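For the sequence shown, this note's numbering begins at 221 and goes up steadily by one. Each residue gets a CB set at the ideal place from its N, CA and C atoms; glycine is no exception. On a predicted model such as this, the values are computed, not experimentally measured, just so you know.
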Amino acid sequence: MARCRGHMLRLVDLAIESALPAGKTRLHPLLFVHGAWHGAWCWERFLPWFAARGWESHAVDLRGHGRSPVRGSRRTIRIHDLISDLGEAVDSLDRPPILVAHSMGGLVAQRFLEDRETPGAVLLAPVPLGGVTRTTLVTAARHPLRFLQATLTLDLGALVKDRKTAADLLLPADTDPIEIDSIWSRLRGDSYLAYLEMLFTVRPRPPLVSTPVVIVAGTADRIFTVAAQQRTARAYGTELVVIEGGAHDLMLGPRWEAAATAVEAAASAL
Numbered sequence: 221m222a223r224c225r226g227h228m229l230r231l232v233d234l235a236i237e238s239a240l241p242a243g244k245t246r247l248h249p250l251l252f253v254h255g256a257w258h259g260a261w262c263w264e265r266f267l268p269w270f271a272a273r274g275w276e277s278h279a280v281d282l283r284g285h286g287r288s289p290v291r292g293s294r295r296t297i298r299i300h301d302l303i304s305d306l307g308e309a310v311d312s313l314d315r316p317p318i319l320v321a322h323s324m325g326g327l328v329a330q331r332f333l334e335d336r337e338t339p340g341a342v343l344l345a346p347v348p349l350g351g352v353t354r355t356t357l358v359t360a361a362r363h364p365l366r367f368l369q370a371t372l373t374l375d376l377g378a379l380v381k382d383r384k385t386a387a388d389l390l391l392p393a394d395t396d397p398i399e400i401d402s403i404w405s406r407l408r409g410d411s412y413l414a415y416l417e418m419l420f421t422v423r424p425r426p427p428l429v430s431t432p433v434v435i436v437a438g439t440a441d442r443i444f445t446v447a448a449q450q451r452t453a454r455a456y457g458t459e460l461v462v463i464e465g466g467a468h469d470l471m472l473g474p475r476w477e478a479a480a481t482a483v484e485a486a487a488s489a490l
C-alpha cells in the first residue's frame with residue numbers, strides 16, 4: 221500500500237498544498253478546490269487519505285484565501301477571478317487533474333469546465349442549477365442578524381463570525397466540539413461581489429460542459445438541499461451520490477471518510 225510522504229507547499233502565484241504517494245501513483249492527480257470562507261486547509265484529512273491510496277493530491281488556496289494574497293479588497297473578488305486562479309493551478313501540475321471542488325469552488329469548477337476539459341470532476345455540495353436564491357432566503361430567515369450584518373458590511377464573513385452560526389451552516393449536529401473550534405477558528409471573510417454574482421448572474425451551465433461530472437450531496441446540508449443537487453446531477457446526466465447525515469462541509473466533521481470514499485469511487489471510475 222502506498223504511504224503518504226507528507227505535505228509540501230508548492231508556490232506558483234497561488235499557494236498549493238500537496239500530499240504525494242510514496243509508491244506507484246494513479247493515472248491522474250487530484251486537485252482540490254475549496255469554497256467560500258475556507259482555504260486549502262479544509263482538505264487536511266483528504267490529502268493524506270488519498271495520497272495513502274496512490275493519488276497525487278493537491279489543494280489550492282484561491283486568491284484572498286488561506287496563504288494566497290489578493291490585490292485590493294477580498295470583498296470585490298469576482299467569480300471570473302477565481303476561475304482564472306483555478307486555471308493557473310491546473311496549469312501548474314505536470315498532468316491534467318481530476319477536479320474535486322466544494323460549494324462555491326464547485327461553481328468555479330463548473331464554469332471553468334465550460335472552456336477547459338479535465339479527465340473528470342467530483343463536486344461536493346456545489347452551487348446548484350438554481351444558484352443561491354433559496355440559500356439566501358433560508359439563511360436570512362434562520363440567521364437574520366448575521367445576514368443583515370453581512371449585507372451592511374459587504375462581507376460574507378459575518379455569517380461565520382459566530383461559532384454557533386458557523387457550525388449550524390456547515391457541520392452536522394454531532395460534530396466534536398473540539399473540531400468545531402478548530403474549523404471555526406480558520407474560517408475567513410469572503411467576497412460579497414462573488415455572492416451577488418452567484419445570486420443574480422453566474423449559474424452552472426451543464427450543456428456547455430463536456431467533462432464527466434459526479435455530484436456528492438449530504439442529507440444534513442443546510443445550504444444546498446439534496447433535491448437541488450439531484451436536479452443538477454440530472455442536468456449533467458449523472459447519478460447523485462448521497463452521504464447520509466453529511467452536512468455542507470462534507471470533507472470535515474464525523475462523516476468525512478464516507479465522503480472521501482465516495483469521491484475515490486467516483487474518481488476511480490472517471
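In this structure GLU276 is buried. Its beta-carbon is surrounded by 16 or more other beta-carbon atoms within 10 angstroms. Under the Cβ criterion (8 angstroms, minimum of three pairs), the stretch 359-367 does not count as touching the stretch 401-409. Cβ atoms of VAL352 and LEU251 stay farther apart than 8 angstroms, at about 24 angstroms. By the Cβ test, the stretch 369-382 is not in contact with the stretch 423-443, since fewer than three Cβ pairs between them sit closer than 8 angstroms.
Between ILE236 and VAL280 a beta carbon distance of about 5 angstroms is seen, short of the 8 angstroms cut, so the two are scored as contacting. Counting only residues of its own chain and dropping the five nearest sequence neighbours on each side, LEU344 has a CB closer than 6 angstroms to the CB of HIS322, VAL436, LEU470.
ALA448 and GLY350 do touch by the CB rule: their CB atoms are close to 6 angstroms apart, below 8 angstroms. Cβ-Cβ separation between VAL347 and TRP257: approximately 14 angstroms, too far for a contact (criterion under 8 angstroms). Scanning the stretch 243-269 from its first residue to its last, the whole beta strand (DSSP E) runs of 3-plus residues come out as 250-253. A straight-line Cα-Cα distance of about 20 angstroms links HIS300 and ARG287. Secondary structure of SER288 (DSSP, three-state): coil. DSSP, reduced to helix, strand and coil, places GLY473 outside both helices and strands of the structure shown, so it counts as coil.
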